[in-house]
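Heads up, the thing below is written out as C-alpha cells.
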Amino acid sequence: MNPKKKSKELKRISRENLNGRYRLSMSVFLTVTLINLFSDLPFTYLLGNVYATKVQTVIYYIAEVLLSIVVGVLQMGLIRFHLNMARKKECDVFYCFMNHSNRYFGAYIIYYAISMIAKAPFLVARNLFNLSGDTMGIAIALYAASAVLSFIVLVLFPFYLYLVLSRDDLSVFACLTHAIKLIRGNILRVIYINVSFIGMLVLCVLSLGIGLLWVEPYYEQTFTNLFLDVTGELPAVDCAV
Numbered sequence: 006m007n008p009k010k011k012s013k014e015l016k017r018i019s020r021e022n023l024n025g026r027y028r029l030s031m032s033v034f035l036t037v038t039l040i041n042l043f044s045d046l047p048f049t050y051l052l053g054n055v056y057a058t059k060v061q062t063v064i065y066y067i068a069e070v071l072l073s074i075v076v077g078v079l080q081m082g083l084i085r086f087h088l089n090m091a092r093k094k095e096c097d098v099f100y101c102f103m104n105h106s107n108r109y110f111g112a113y114i115i116y117y118a119i120s121m122i123a124k125a126p127f128l129v130a131r132n133l134f135n136l137s138g139d140t141m142g143i144a145i146a147l148y149a150a151s152a153v154l155s156f157i158v159l160v161l162f163p164f165y166l167y168l169v170l171s172r173d174d175l176s177v178f179a180c181l182t183h184a185i186k187l188i189r190g191n192i193l194r195v196i197y198i199n200v201s202f203i204g205m206l207v208l209c210v211l212s213l214g215i216g217l218l219w220v221e222p223y224y225e226q227t228f229t230n231l232f233l234d235v236t237g238e239l240p241a242v243d244c245a246v
C-alpha cells in the first residue's frame with residue numbers, strides 16, 4: 006500500500022488539477038449555489054410573511070424536506086464533478102439526475118435522515134425551550150448534544166457520498182458501512198484538512214462571500230484527492246487518461 010500523502014501534497018495535486026479549469030469549477034459552484042438559493046426563497050418568504058395555518062405549515066416543511074433532498078442530489082453532482090476532474094474524465098454536474106437517479110436519491114435520503122437525527126435535539130430546543138428562565142439549562146444541553154452528534158456524523162461519514170458515486174458494485178447501505186471502515190485511521194486527516202481551510206474561510210467572510218468562488222473549488226478538489234488517497238486510487242491519477 007502506498008504511504009499516505011500529506012495535506013500539503015494533496016493541495017499541490019489539487020492546484021494542478023484545477024489549473025486551466027478553475028473558471029469552469031467556479032461556474033459550476035456558482036450555478037449550484039444560485040439554484041439552491043432561488044429554489045428556497047419562495048418557501049422562506051412564504052413562512053416568514055404569511056400567517057399560515059397548521060396545514061400550510063406542514064405542507065411548507067414537507068416541501069422543504071423534498072427540496073433539500075433534490076438540492077442534496079445536485080450537491081452529489083458537484084462531488085462527482087470533482088471526482089471526474091481528479092480522474093481526468095469528463096465532468097457533468099447534472100449526471101445524478103439523468104443516470105441511476107434512484108440510487109443517488111436513495112443514498113442522499115439516507116444521509117439526510119442521519120443528519121436530521123443529529124439535528125433533532127437542536128430542533129426540539131429551538132421550538133420548545135428558550136435560552137432564558139427555567140428552561141435555559143435544558144436548551145443549552147440540547148444544543149450541545151446536537152453539536153456533538155453533528156460532529157460525529159461529519160467525522161464518520163465524510164466519504165459516504167463519494168463511495169456511492171465511485172462504487173457502483175456496492176449498494177447504498179454497503180457504502181455506508183464501507184465509509185466507516187475507510188475513516189478508521191483517517192479521522193485526524195479529515196479534521197486537519199477542514200481546519201487548514203479556516204483561514205481562507207475567514208477571508209471569504211471578509212470578502213462578503215466572493216472569495217468562496219476561489220476557495221470552494223480548491224477545498225472540494227483537495228477533499229476529493231484525500232478520498233482518492235484513502236482508497237489507493239490517487240497514485241494512478243498522476244498519469245494522463
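Under the numbering used here, think of the first position of the sequence shown as 6, with each following residue one higher.
Don't be surprised by glycine CBs; every beta carbon is placed ideally from N, CA and C.
Next item on the list: Output yes if chain B places a C-beta closer than 8 Å to the C-beta of Leu233; else output no.
Entry: Protein chains in the displayed structure number just one, and chain B is not present.
Check: Alpha carbon to alpha carbon, how far is Arg172 from Ala179?
Finding: The residue labelled residue 172 in the question sits at position 167 within the sequence shown. The residue labelled residue 179 in the question sits at position 174 within the sequence shown. Taking the CA atoms as reference points, Arg172 sits about 10 Å from Ala179.
Next item on the list: Specify the secondary structure class of Lys10 as computed by DSSP and reduced to three states.
Entry: Start at 1 with the first residue of the sequence shown, and residue 10 comes out as number 5. It is coil, neither helix nor strand.
Notebook entry, point to check: What are the start and end residues of the alpha helix (DSSP H) that includes Asp234?
Noted result: Within the sequence shown, the letter at position 229 stands for residue 234. First-last of the alpha helix (DSSP H) with Asp234: Leu217 to Val235.
Next item on the list: Taking 8 Å as the threshold, find out whether the stretch 156-174 comes into contact with the stretch 73-91 through three or more Cβ pairs.
Entry: Counting Cβ pairs under 8 Å, three or more are found: they touch.
Next item on the list: Take the Cβ of Leu128 as the centre, count every other Cβ of all protein chains shown within 10 Å, and call the residue buried at 16 or more, exposed below.
Entry: Walking along the sequence shown from the start, residue 128 turns up at place 123. Label assigned to Leu128: exposed.
Note to self: What would DSSP say about Asn199, mapped onto helix, strand or coil?
What the structure shows: Numbered from 1 along the sequence shown, position 194 holds the residue referred to as residue 199. Asn199 falls in the helix class under three-state DSSP.
Notebook entry, point to check: CB-CB under 8 Å to Tyr148, same chain, minus the five flanking residues each way: which ones, in chain order?
Noted result: In the sequence shown, counting from the first residue as 1, residue 148 sits at position 143. Closer than 8 Å at Cβ, skipping near neighbours: Pro126, Phe127 and Ala130.
Next item on the list: Tell me, please, whether the stretch 25-41 touches the stretch 60-80 by the rule of three or more beta-carbon pairs shorter than 8 Å.
Entry: These segments touch.
Check: Which residue's Cα is closest to the Cα of Asp45: Val70, Arg28 and Leu29?
Finding: Taking the first residue of the sequence shown as position 1, residue 45 is located at position 40. Looking at Val70, Arg28 and Leu29, the one whose alpha-carbon comes closest to that of Asp45 is Val70.
Next item on the list: List the endpoints of the continuous alpha helix (DSSP H) containing Ser120.
Entry: For this step, residue 120 is matched to residue 115 along the sequence shown. Here the alpha helix (DSSP H) through Ser120 covers Ser106 to Leu133.
Check: Could you give the C-beta distance for Leu208 and Gly216, rounded to a whole number, given that I count them as a contact under 8 Å?
Finding: Walking along the sequence shown from the start, residue 208 turns up at place 203. Walking along the sequence shown from the start, residue 216 turns up at place 211. Yes, they are in contact, since the Cβ atoms of Leu208 and Gly216 sit about 5 Å apart, within 8 Å.
Notebook entry, point to check: Leu83 to Ser106, Cα distance in whole Å?
Noted result: Mapped onto the sequence shown, residue 83 falls at position 78. Mapped onto the sequence shown, residue 106 falls at position 101. Roughly 15 Å separates the two Cα atoms.
Item checked: Beta-carbon proximity of Ile18 to Asn230, cut-off 8 Å -> Mapped onto the sequence shown, residue 18 falls at position 13. Mapped onto the sequence shown, residue 230 falls at position 225. With contacts defined by Cβ atoms closer than 8 Å, Ile18 and Asn230 form a contacting pair.
Notebook entry, point to check: Rounded to a whole number of angstroms, what is the C-alpha to C-alpha distance between Gly111 and Val235?
Noted result: For this step, residue 111 is matched to residue 106 along the sequence shown. For this step, residue 235 is matched to residue 230 along the sequence shown. Cα to Cα, Gly111 sits roughly 25 Å from Val235.
Next item on the list: Tell me whether Phe232 is buried or exposed, calling it buried when 16 or more other Cβ atoms sit within 10 Å of its Cβ.
Entry: Residue numbering aside, residue 232 sits at position 227 when the sequence shown is read from its first letter. With 16 or more other Cβ atoms inside 10 Å of its own Cβ, Phe232 counts as buried.
Checklist line | Contact set for Pro163: own chain, Cβ-Cβ below 6 Å, skip 5 residues either direction | finding: Along the sequence shown, one-based indexing puts residue 163 at 158. Val195.
Check: Where does Glu21 fall in DSSP's three states?
Finding: What you label residue 21 is simply residue 16 of the sequence shown in a count that begins at 1. Helix.
Notebook entry, point to check: Under a three-way DSSP split, which group does Phe164 fall into?
Noted result: In the sequence shown, residue 164 corresponds to position 159, counting from 1. Phe164 sits in coil when the DSSP states are folded into three classes, being neither helix nor strand.
Checklist line | Rounded straight-line distance, which links the Cα of Asn132 to that of Ala245 | finding: As a first step, residue 245 is located in the sequence shown; it is residue number 240 there, counting from the start. As a first step, residue 132 is located in the sequence shown; it is residue number 127 there, counting from the start. Residue confidence is low: Ala245 scores 35 on pLDDT, short of 50, so the model does not pin down where it sits. Its coordinate-derived value is still stated next. Distance from the CA atom of Ala245 to the CA atom of Asn132, rounded to whole angstroms, is 54 Å.
Check: By how many angstroms is the C-alpha of Ser151 removed from the C-alpha of Leu15?
Finding: Residue 15 sits at position 10 when you count from the first residue of the sequence shown. Residue 151 sits at position 146 when you count from the first residue of the sequence shown. So the two alpha carbons sit approximately 31 Å from each other.
Margin query: Let's test the definition: count the other Cβ atoms within 10 Å of the Cβ of Pro222 and tell me whether it reaches 16, buried, or not, exposed.
Written below: For the purposes of this step, residue 222 is taken as the residue at position 217 of the sequence shown. Counting Cβ neighbours within 10 Å, Pro222 comes out buried, since at least 16 surround it.
Note to self: In whole angstroms, give me the CA-to-CA distance for Lys13 and Asn22.
What the structure shows: To locate residue 13, count along the sequence shown from 1; it is residue 8. To locate residue 22, count along the sequence shown from 1; it is residue 17. When rounded, the distance between both Cα atoms is 14 Å.
Item checked: Beta-carbon proximity check, Cys96 vs Tyr109, cutoff 8 Å -> Along the sequence shown, one-based indexing puts residue 96 at 91. Along the sequence shown, one-based indexing puts residue 109 at 104. Going by C-beta atoms, Cys96 is not nearer than 8 Å to Tyr109.
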